[in-house]
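Please read the structure below before turning to the comments.
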Amino acid sequence: MEPRLLQPRTRPGGEPAKAGPVESRYPQEHASGLRIPWGGEPLRNFRRHCHSAFTLIELMTVIAISAVLLTIILIPLFQSFNLTRQALALADAQDKGRELTERISREIGGAVAVREGGRVRTTFRGLADQSISGNATIIRVPRVTVGADGGRFLNPPQPPVEVVLPFTKIDIVKAAQGEDFIDKDNPGQYRDPISGKIDPTLTSPKGQVKLSIAPGQTLVRWFVALHNPLLEYNNPYDGLLQARNGDRDNLYVLYRAEVTPRRWRSVNLTSGTTQMRYVADSRYFEFEGNAVGTDAGTGEPVGLVPKLDDPRFMLNDGVVGKDARIANWLRKAVVQTEISRFDMIQTIYDLASRRVRHDNDGIPQVLPLVQFRPSHVGSDPAEGMVAVRPGDESADGTASAPDVYTTKMSQMSNPTIRTWPVGWTNQNGDADNYLVGRFDPENGLTGRPRGLSIYFYDPALSQDDYIGGVELFDLDLYNDTIARGGLYPFSQAMKAADDRSGWLSNSMYRSAFTPYNLDTARGRIIASFGIDEFGNPNQEPTLANPSNLPIVTTTGVDLNVFTPRTEIQTGAFNTVVGINTRFNVLYNLVEADVTNANGVGNLDLSRIHRAIDLRVTPMADGTPSPLNPGYGFKASIVPGSEIIEGPDQSPGVGYDTTRYVRYNRVNADPGVNQYVINYKDRPEPGLLNGSGVLVPDYTRIGLSGAAIAGFNPTIYSGTNFTSAVIQPQYKTGYLQFNSNPNQPLPPGQIRVYYRVQFTAARSGSNANLPGARQDTFAVDYDSRELMNVLLTIRNYPQSSAPNPQNVTLKATARVRNYLR
-13 MEPRLLQPRT RPGGEPAKAG PVESRYPQEH ASGLRIPWGG EPLRNFRRHC HSAFTLIELM
47 TVIAISAVLL TIILIPLFQS FNLTRQALAL ADAQDKGREL TERISREIGG AVAVREGGRV
107 RTTFRGLADQ SISGNATIIR VPRVTVGADG GRFLNPPQPP VEVVLPFTKI DIVKAAQGED
167 FIDKDNPGQY RDPISGKIDP TLTSPKGQVK LSIAPGQTLV RWFVALHNPL LEYNNPYDGL
227 LQARNGDRDN LYVLYRAEVT PRRWRSVNLT SGTTQMRYVA DSRYFEFEGN AVGTDAGTGE
287 PVGLVPKLDD PRFMLNDGVV GKDARIANWL RKAVVQTEIS RFDMIQTIYD LASRRVRHDN
347 DGIPQVLPLV QFRPSHVGSD PAEGMVAVRP GDESADGTAS APDVYTTKMS QMSNPTIRTW
407 PVGWTNQNGD ADNYLVGRFD PENGLTGRPR GLSIYFYDPA LSQDDYIGGV ELFDLDLYND
467 TIARGGLYPF SQAMKAADDR SGWLSNSMYR SAFTPYNLDT ARGRIIASFG IDEFGNPNQE
527 PTLANPSNLP IVTTTGVDLN VFTPRTEIQT GAFNTVVGIN TRFNVLYNLV EADVTNANGV
587 GNLDLSRIHR AIDLRVTPMA DGTPSPLNPG YGFKASIVPG SEIIEGPDQS PGVGYDTTRY
647 VRYNRVNADP GVNQYVINYK DRPEPGLLNG SGVLVPDYTR IGLSGAAIAG FNPTIYSGTN
707 FTSAVIQPQY KTGYLQFNSN PNQPLPPGQI RVYYRVQFTA ARSGSNANLP GARQDTFAVD
767 YDSRELMNVL LTIRNYPQSS APNPQNVTLK ATARVRNYLR
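So in our numbering, spot 590 of the sequence shown is number 576, and the numbers just go up one at a time.
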């Protein structure tokens, strides 16, 4: 087809149209038409219309405007994604924090008790026998640089260092459940209470809580440890302790595990037999003390007491069997936070420079984000319990002070006990001294006690009773000796303190000595000790007297029984042996002094007794009694604590053979198988001086001349008649038996047990003297009866947002089922 030239349009009337854009009616033929040579204004307009485009400047302008618009729109969009992620992390942290605090509070509230970790001796930073709180956990974190620009992470990193996280472990004792029945042939097999069949998955009885509430076999432990304890800590987010990296994080998380510390196992005993024994569960715990044998199944040594308070129990430190125990813990434990992005420690650092706070060795300061803290009680005045019970009345009962004091709350830990003694006053510089039972900042150092001790404190020498003072009694050693089954814990604790401070050579310290033991579980101060806790620890007791009790024979050298009329022994009263013999010699001495040449002729014969002066009666191994006047202690006997055993004085079948019975206490005139005892000092015969103090005067009861010559009422003399025979009748520890001249005690031995208390009270004329009327205790302590749970959830939203989201919550829970 022939191409056609485009003609300009004409207006109506034949006028040609003005030049303008030319439009083709045949666009499909347009390209071929351009090859036809034609010109003029129409061609120029056509070309201008078909070949117009943006210039380079126009393109650059468009690109710049587009970039600005995209920046304005997309960056906030991306930031909104980050903000959304951080908001989600904050919401997750809040939900997790509320959930955990509520759950922990419920478990504490339904528990029987919360265990006290106390102070334990363990290895720390390569040093053995270090004192660490049993409620703490030891973790490992990277070191940082030291020096002028210290506090930066090390590159390359060095081996991690150990750090203590206090109050990051809590052991909750659950209430006993199910039935007490144990199949003697298959102990350790428990039945499902629903089906009634043996359930091999049960490790303790299951069922309803038993009433009254009692501790069960199950322990719930909450603790902080690495998500993978076999690897090192890795925080790839904040860049504080180590460089940011792309490795998977390994943070400290919060675990909950429910275990039974002991279990039934077949044990090859050291005696050579095989028995089922209830031993420490070696899958989770080491054992304390000596092994009782080996596990018949595994061949491993087993012990009876599990080592519950081990701050290193989740540290992979190369101890034999530790890896297996950690793996067993991980099987039982459940992560309560999250397995990633949640960290339970916080590194302390400077916000401006981001330098980590550290010590001179490059050890960073780390803050635990969960703490199970007991509630603090300050200056709690411990209340003395009733000193004399119905049926224990005695002539000196009003002078008795309590030997047990109770605090307002139980389950004590970290106690500081202040004892204001009888006569204390802050108005007199010579009477304002008191005792402080406390831990010392130098505990564990050479020449210092390992833990809790009792100190004599003089306010004139120091303004702070938390340091200084003279050590009087090593409470930590006392309790450790009891736990180990050692000999004479009181004597060991007293001697250990004396070896360090030399206090026994000072009469002021001896007169102020008020030792006690703590029953932290029940919140009690026990200021009395059994006489079997005194003795020489280097000398084993005999099989016949394993408690080392004081023993006195009833007869002298001649084992026959004599009355004053038939007595064959003569000589000084202080040289004869035996209760009967001494009584006979004294009785004859007074009866024969008709001219009063010896100063005893006017003494009533009823004042001569068959008796024992427990003050000067030593222990079986020769150790002096704590009542001995040479010590100068304010010691007395706890009313009703004595056990007196001796030969039966009642005639009957088999009377010719010695039969031992327990004697009964009376308040006066003891008869057959009876005794009278002085628990406290009684008022001596005498007169009050101008200051209201009683001055002894034994002439008022008939003594005179040689009997009172050289007598000093404040110093005991075994050779002076008044001091050794008459004055003891008014002193603590005087034990009087049947003193009928014609009814001697049968041949044999009198064995005496009693408890000694060191608390005192004023009575009678002394009650109005200046100062405190009795020993007073005030205790600062933390009580596990009311627990505070401090929890901070630290959530890293993502690697591009290094600032974590922190949520801190606090909860309080009371152990409602604890029985004091």
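Note that beta-carbon positions come from the ideal geometry of N, C-alpha and C, so glycine has one too.
Quantities reported herein were computed from a predicted structural model and do not represent experimental measurements.
Nearest-angstrom Cβ-Cβ length linking residue i and residue j, presumed shorter than 8 Å
{"i": "Glu628", "j": "Tyr720", "result": "Going by Cβ atoms, the distance from Glu628 to Tyr720 rounds to 12 Å, so no, they are not a contact pair."}
{"i": "Glu93", "j": "Val206", "result": "6 Å"}
{"i": "Asn803", "j": "Ile184", "result": "Not confirmed; about 29 Å, so no contact."}
{"i": "Phe744", "j": "Pro501", "result": "6 Å"}
{"i": "Gln555", "j": "Val571", "result": "6 Å"}
{"i": "Arg596", "j": "Ile565", "result": "5 Å"}
{"i": "Ser487", "j": "Val456", "result": "5 Å"}
{"i": "Thr405", "j": "Gly509", "result": "Contact doesn't hold; Cβ gap of about 16 Å is too wide."}
{"i": "Gly289", "j": "Gly307", "result": "Actually they do not touch by this definition, with Cβ atoms about 13 Å apart."}
Residue i (DSSP reduced to helix, strand or coil)
{"i": "Gln163", "result": "strand"}
{"i": "Gly516", "result": "strand"}
{"i": "Arg84", "result": "helix"}
{"i": "Arg436", "result": "coil"}
{"i": "Ala50", "result": "helix"}
{"i": "Val793", "result": "strand"}
{"i": "Gly808", "result": "Because the chain in this structure spans residues -13 to 806, residue 808 falls outside the shown range and cannot be described."}
{"i": "Gly691", "result": "helix"}
{"i": "Leu589", "result": "coil"}
{"i": "Trp410", "result": "coil"}
{"i": "Gln203", "result": "strand"}
{"i": "Phe110", "result": "strand"}
{"i": "Pro615", "result": "coil"}
{"i": "Leu490", "result": "helix"}
{"i": "Ser497", "result": "helix"}
{"i": "Val245", "result": "strand"}
{"i": "Phe707", "result": "helix"}
{"i": "Pro7", "result": "Any reading at Pro7 must be qualified, since the residue scores a pLDDT of 49, below 50, and its modelled position is unreliable; no value is offered."}
{"i": "Met480", "result": "helix"}
{"i": "Gly19", "result": "Since pLDDT at Gly19 reaches only 49, below the 50 mark, its modelled position is unreliable, and the value read off the structure follows with that caveat. Three-state DSSP puts Gly19 in a helix."}
{"i": "Asn314", "result": "helix"}
{"i": "Leu227", "result": "coil"}
{"i": "Phe569", "result": "helix"}
{"i": "Ser91", "result": "helix"}
{"i": "Lys308", "result": "helix"}
Buried versus exposed, by CB contacts within 10 Å (16 or more), residue i
{"i": "Lys666", "result": "buried"}
{"i": "Asp115", "result": "exposed"}
{"i": "Ile712", "result": "buried"}
{"i": "Arg251", "result": "buried"}
{"i": "Met46", "result": "exposed"}
{"i": "Ile118", "result": "buried"}
{"i": "Phe40", "result": "exposed"}
{"i": "Val356", "result": "buried"}
{"i": "Asn419", "result": "buried"}
{"i": "Thr552", "result": "exposed"}
{"i": "Pro7", "result": "Only weak support is given to the placement of Pro7: the predicted model assigns it a pLDDT of 49, under 50, and the question is left unresolved by the model."}
{"i": "Arg434", "result": "exposed"}
Endpoints, the beta strand (DSSP E) within which residue i is located
{"i": "Asp768", "result": "762 to 781"}
{"i": "Ser252", "result": "248 to 255"}
{"i": "Asn503", "result": "503 to 505"}
{"i": "Val742", "result": "741 to 743"}
Contact under 8 Å by Cβ, residue i with residue j
{"i": "Ala266", "j": "Val291", "result": "yes"}
{"i": "Gly348", "j": "Val130", "result": "yes"}
{"i": "Tyr443", "j": "Asp451", "result": "yes"}
{"i": "Ala482", "j": "Leu458", "result": "no"}
{"i": "Val681", "j": "Gly672", "result": "yes"}
{"i": "Pro350", "j": "Leu227", "result": "yes"}
{"i": "Leu772", "j": "Ser361", "result": "yes"}
{"i": "Arg105", "j": "Glu148", "result": "no"}
{"i": "Asn214", "j": "Asn231", "result": "no"}
{"i": "Pro354", "j": "Ile331", "result": "yes"}
{"i": "Lys155", "j": "Ala122", "result": "yes"}
{"i": "Gln163", "j": "Pro191", "result": "yes"}
{"i": "Arg496", "j": "Gly587", "result": "no"}
Segment limits, alpha helix (DSSP H) that includes residue i
{"i": "Val602", "result": "Element bounds for Val602: n/a, residue is neither H nor E."}
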